[in-house]
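Notes for the one structure printed next.
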């Protein structure tokens, strides 16, 4: 962990590979395509020619993640979709490698093999063992930010490129300034919501460089390089997603902030979660611990910025500020803080009980190795379970659609359907939950709309919400107007098929041809 790129690069490369494999096995991944992947992968898979996704309305809206979508497209076309799992293994490795590097600089964790091994075991346990303390989940909230913002989750997605923010900080602490700036640009280019984080971190770098070296020319050159690297993605986002008009822009922002993502955007919502206060205290404490190091400025100013802007949003209720969500800084601040606090106390314990630890080093080594092996075993079992058919959340109805899809088909599906079911027999059963969020990517069939996946261009957001309300009105109909609404949807939007939950539709409409039925779902073709 002594350098970002040592002359003998095989040693750090070997460390990285070992750390990546250990962490990936312990941490595990969810099968493709799940949760946020159902939105983030859509554009790329549509461009790659998966099923008939190219005909889907959302797939033809403005792409907010062009570089990530390009990665998805070329991966699916020229490699294999299993490469997405490999990408995430590499990201997990970079996350662990970078954070270990940071604390090695601060607390010399790597100087003692026993201390390093003990620390590694504890960090793996913190990330992989889920202990619930009321609403607080140690296996998630100790390395995720407030407002359900996070770098690491259980699958590969654009937000995971936030690891390059952490790697950038590690590189900067190693005085690899150019590499640090490139890493920031990479994070922001793959996930543009990191543009503000990258900008603030860059300003911190420039302040530190000027304070240490008083070299204004160097500050200007590094700042100019950072600006040039971030300019393409910033220009794309500004020119592509600027408001069509003030009124339309305000309306679209209000829909996203207040209806679609209030859990991300509104402090009055996410501050109701007690876990946020614990995470904030973690960041404050870690910032205090590093107050005499170069890292202090990098921790302090993002924290200060997030705090001031959060208070401003609470007082003003500004939708633009809420949409920008400056508290996203916590997505990288919390995990770094957890590593710092853990390293500080491990160091304190090893220093205070140095002699006792030396006497019992074999026992401690055995316990730490046993812990790591136990986490590897538990992770392996959990990972296998996630990929077994019994762990699948795919209803049989979706297999039917996947097998029978045709060009020109468009499905009207129930959205936000979350029920307790047995995903194998589709009979009611406790504690097993699935929704139809995966329908689009799993079947490869275009859909009319769902609530999970939305566009970002203002006029497209308004159209998306219009479709949501139309679908919601249809599925909530309790009278004979259901048939009229369905007829209008088919005529105006080209919907060819409709799916019902078996107990949620009792009206027989003319022109509906039943194609599939089980104990859970009905699939109909709409004949004109």
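Residue numbers (this note's numbering): 131 to 658.
Glycine included, each C-beta is placed from N, C-alpha and C at the ideal position.
As the structure is a computational prediction, the values presented were derived from the model and not from experiment.
For the 8 Å CB-CB criterion, residue 581 and residue 541 do not form a contact.
For the pair residue 310 and residue 318, the CB atoms are not nearer than the 8 Å cut-off. Secondary structure of residue 219 (DSSP, three-state): helix. Boundaries around residue 656 are those of the beta strand (DSSP E), 651–656, since no alpha helix (DSSP H) includes it. When rounded, the separation of the alpha-carbon atoms in residue 254 and residue 468 is 12 Å. For the pair residue 377 and residue 597, the Cα-to-Cα distance works out to about 20 Å. When the five nearest sequence neighbours on each side are left out, no beta carbon in the same chain lies closer than 7 Å to the beta carbon of residue 493.
By the neighbour-count criterion, in which 16 or more other beta carbons inside 10 Å mark a residue as buried, residue 517 falls on the exposed side.
Contiguous alpha helix (DSSP H) elements confined to the stretch 445–490 occur at 449–454, 460–482 and 484–489, taking only those with 4 or more residues. Under the Cβ criterion (8 Å, minimum of three pairs), the stretch 437–445 does not count as touching the stretch 189–206.
Residue 403 and residue 289 have their alpha carbons spaced roughly 22 Å apart. Looking at 359, 588 and 303, the one whose alpha-carbon comes closest to that of residue 379 is 588.
Shown here for residue 410: same chain residues with a beta carbon closer than 8 Å to its own, the five before and five after excluded, namely 276 and 460 in chain order. For residue 263, DSSP records a beta bridge to 266.
When 218, 573, 165 and 143 are compared, the shortest CA-CA separation from residue 158 is found for 218. Beta-bridge partners of residue 643 (DSSP): 655. Leaving aside the five residues that flank residue 344 on each side, none in its chain has a CB nearer than 7 Å to its CB. Approximately 7 Å separates the beta-carbon atoms of residue 325 and residue 360; this is inside 8 Å, confirming the contact.
Residue 630: not part of any alpha helix (DSSP H); member of the beta strand (DSSP E) spanning 627–631, first to last residue. The bridge partners DSSP lists for residue 542 are 628.
Of all C-beta pairs linking the stretch 419–433 to the stretch 623–632, fewer than three are shorter than 8 Å, placing the two stretches out of contact. With respect to residue 281, residue 462 sits close: the two C-beta atoms are nearer than 8 Å. Residue 336 has its alpha-carbon roughly 6 Å from the corresponding atom of residue 349. In this structure the stretch 238–246 does not lie against the stretch 163–178, because fewer than three pairs of beta carbons, one per stretch, are closer than 8 Å. Sequence-distant Cβ neighbours of residue 620 in its own chain, meaning closer than 6 Å and more than five residues away, are 656. In this structure, residue 576 sits away from residue 211, with a CB-CB distance that is not shorter than 8 Å. Within the stretch 375–457, the alpha helix (DSSP H) runs of at least 4 residues that lie entirely inside it are, in chain order, 376–384, 392–395, 397–400, 404–419, 425–446 and 449–454. DSSP, reduced to helix, strand and coil, places residue 577 within a strand of the structure shown. Judged by their CB atoms, residue 385 and residue 595 are nearer to each other than the 8 Å cut-off.
The C-beta distance from residue 227 to residue 357 rounds to 28 Å, too long to meet the 8 Å contact threshold. 8 Å or more divides the Cβ of residue 321 from the Cβ of residue 465. Exclusion of the five residues before and after residue 601 leaves 542, 545, 578 and 579 as the residues of its chain whose Cβ lies within less than 7 Å of its Cβ. Cβ neighbours of residue 170 within its own chain (closer than 6 Å, five residues either side excluded): 287 and 288. With a contact defined as Cβ atoms closer than 8 Å, residue 163 and residue 571 qualify at about 4 Å. Note on geometry: alpha-carbon atoms of residue 539 and residue 524 lie some 20 Å from one another.
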